[in-house]
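Numbering (the working numbering), first residue to last: 255 to 506.
Structure (structure tokens):
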């Protein structure tokens, strides 16, 4: 009797986790059914029939950014698990976009699209909320944490053609500052690992991390590789001639 009689081989999908299986389904849907959504030059958004969005949430976020980019108001006509339909707010504008859920139950494909808008631009856009504003001004705040919010508002108006109220600007700046502080704290956690790895891979290196008490703060790190030490001792030190200097007073 064959010891493997009655054995039913399992498909490879049965050995995959839910997340791995879902990613495979998303990838297959993109390759077979349509074209994955991609931004064009300078991160601008442009739609065309056949575009694939990773999920319903992904599609919503893209359309929110599109609303701000074009200065329009959109209404969701259909918003369920299998359909996403958007139309322009003013009844005089015939712009409309319709997407359906693919067979994988995750991705959405754009099936219907009216390309032209017949409405005027909206500068006070309700989609320009704290989350979007904080994301857009993150680089500004990182390079200049003390930047005035009114300056930020002028830059947003010039770059994105959107007017953001002062209260939203303050909240967005605080949100961006908190995120940067969190990122700095996370990066500080890597310093000791970095120093340990340097000592392991290059024992001749000198690494000193300075931490001030009582509330531990990080003011500086000293790092010197062997070639730097040798270069200073053999070249810079004799040239400067520290040992040959005579002290004229007791304190120099």
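From the three backbone atoms N, C-alpha and C, an ideal C-beta is built for every residue, glycine too.
Rounded to the nearest angstrom, the Cβ distance from residue 379 to residue 321 is 6 Å, consistent with a contact under 8 Å. For residue 354, the secondary structure class from DSSP, reduced to helix, strand or coil, is strand.
The segment 336-422 contains, as complete alpha helix (DSSP H) runs of 4+ residues, the segments 384-390, 392-397 and 403-414 (chain order). Put simply, of 432, 399, 391 and 452 the residue whose alpha carbon is nearest the alpha carbon of residue 423 is 391. Less than 9 Å divides the Cβ of residue 318 from the Cβ of residue 381. Only residues of its own chain outside the window of five on either side were considered, and among them 324, 325, 326 and 415 have a CB closer than 8 Å to the CB of residue 375, listed in chain order. Take residue 294, set aside five residues on each side of it, and the residues of its chain with a beta-carbon closer than 7 Å to its own are 300, in chain order.
DSSP, read as helix, strand or coil, puts residue 301 in coil.
Here DSSP, grouped into helix, strand and coil, assigns residue 290 to strand.
Residue 297 places its beta carbon 9 Å or farther from that of residue 363.
For a cut-off of 8 Å, the C-beta gap from residue 446 to residue 463 is around 7 Å, short enough to register as a contact. Here the alpha carbons of residue 478 and residue 442 stand approximately 19 Å from one another.
Per DSSP, the continuous alpha helix (DSSP H) segment holding residue 484 begins and ends at 480-485.
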